[in-house]
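Before any comments, here is the structure.
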Amino acid sequence: MSTSAHPSAETDSATASAARSGGTVTDRLVELNTRYSEAFTDPGMDARPVLHVAVVACMDARLDLHAALGLELGDCHTIRNAGGVVTDDVIRSLTISQRALGTRSVILIHHTNCGLESLTEGFRQELELEVGQRPVWAVEAYSDADQDVRQSMQRVRTSPFLLHTDDIRGFVFDVTTGKLREILPTS
Ligand SMILES: [Zn+2]
């Protein structure tokens, strides 16, 4: 998530093409799916990730997880949200990933220049003032990506619902160099 990301050339061209054809960007993407499906052959895969790994990452548009980690279709579970923070819902997904679909390893990825760094928990109050209702969720804003990765690793490690907590590693992805930097746990 970022408040300063520029749209990619691909998005630009999809948007421009949609504008030309009078449709929305979704219309254009659905049209692209028709072409995708025409060339698609059933890979005959099981739902269980081949590499037995789940990746939890920020939804940021500049982070192409499969390309950045050399992942192929079927290799992993990807669980993404604003910030890549470990919320109850991420624990829900990880629990299903491990208990029903056989993953054992967890990789957590935050990134530089994340939109969450420009927010505070005051965002919830602003929302409440605007719509008359305070969201039940925390914003999970942070100012120190390294520290937030450590906190996220700790939340996974201490979850009572997970079967495997011995291979949990955390990283910060640099959106300008494409490199991952590993964050070591405090313990
Ligand atoms: Zn982000």
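If you're matching positions, the sequence shown starts at 1 in UniProt numbering and goes up one per residue. For glycine and all other residues, C-beta sits at the position ideal for the given N, C-alpha and C. Quick caveat, the model's predicted, so the values are computed rather than measured.
Proximity winner among the options, relative to residue i (alpha-carbon distances)
i, options, result
"residue 44", "30, 100 and 73", "73"
"residue 70", "178, 148, 84 and 183", "178"
"residue 133", "123, 140 and 142", "123"
"residue 88", "186, 182 and 152", "152"
"residue 111", "165, 148 and 39", "148"
"residue 142", "121, 130, 155 and 49", "121"
"residue 166", "136, 35 and 154", "154"
Classification of residue i by the beta-carbon crowding that lies within 10 angstroms, buried from 16 upward
i, result
"residue 56", "buried"
"residue 92", "exposed"
"residue 59", "exposed"
"residue 158", "exposed"
"residue 189", "Coverage of the chain is limited to positions 1 through 187, which leaves residue 189 absent and any answer about it impossible."
"residue 4", "For residue 4, the predicted model reports a pLDDT of 43, less than 50, meaning its position is unreliable and no value from the coordinates is stated."
"residue 185", "exposed"
"residue 103", "buried"
Any non-hydrogen atom of ligand 1 within 8 Å of residue i CB
i, result
"residue 190", "Residue 190 lies beyond the stretch modelled for the chain, which goes from 1 to 187, so this question has no answer here."
"residue 110", "yes"
"residue 58", "yes"
"residue 74", "no"
"residue 84", "yes"
Beta strand (DSSP E) segment containing residue i, residue limits
i, result
"residue 78", "76-81"
Unbroken alpha helix (DSSP H) run spanning residue i, endpoints
i, result
"residue 182", "First-last for residue 182: 180-183, but that is the beta strand (DSSP E), not the alpha helix (DSSP H)."
"residue 92", "88-99"
Three CB pairs or more closer than 8 Å across the segment 106-116 and the segment 82-96
yes
Looking at C-beta atoms only, is the number of pairs between the segment 164-179 and the segment 61-69 that lie closer than 8 Å three or more?
yes
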